[in-house]
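Peer 1: Got a structure for you, written out below as structure tokens; questions coming shortly.
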Amino acid sequence: MKKIIKTGIYLLFAYLLILNISYATETAVPAVEDPPATPAIKDLPAAPTIKDVAEKKKAEADVLKALLTQQFLIKFRLRLRRIGFY
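Take 7 as the starting number for the sequence shown in the numbering used here and just add one per residue.
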């Protein structure tokens, strides 16, 4: 009788061990990959100079001025048409 009880206890412990191992493999957290390495300084593009930035801002301002002028002229012509001058 003692041998049957011991065997039952061993089987129960073996069952619990297998159950815990299978649960641990199902819920295991995947390994986190390392973040991509930052590029080396020699691989980065050259920083813009103050002159380049100023030229870009001036070009953007010129484009904006041209667009606003065109918009003003279009609205002005439409107003002239409405009142009959154009």
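All C-beta atoms, glycine included, are put in the ideal place defined by N, C-alpha and C.
If you run the structure through DSSP and keep just helix, strand and coil, what is L74?
Peer 2: Taking the first residue of the sequence shown as position 1, residue 74 is located at position 68. DSSP places L74 in helix when its eight states are reduced to three.
Peer 1: Quick one: what does DSSP say L50 is sitting in, helix, strand or coil?
Peer 2: Reading the sequence shown from its first residue, position 44 is the one you call residue 50. Three-state result, L50: coil.
Peer 1: Would you report the Cα separation of K64 and T44, rounded to the nearest angstrom?
Peer 2: The residue given as residue 64 occupies position 58 in the sequence shown. The residue given as residue 44 occupies position 38 in the sequence shown. Cα to Cα, K64 sits roughly 33 Å from T44.
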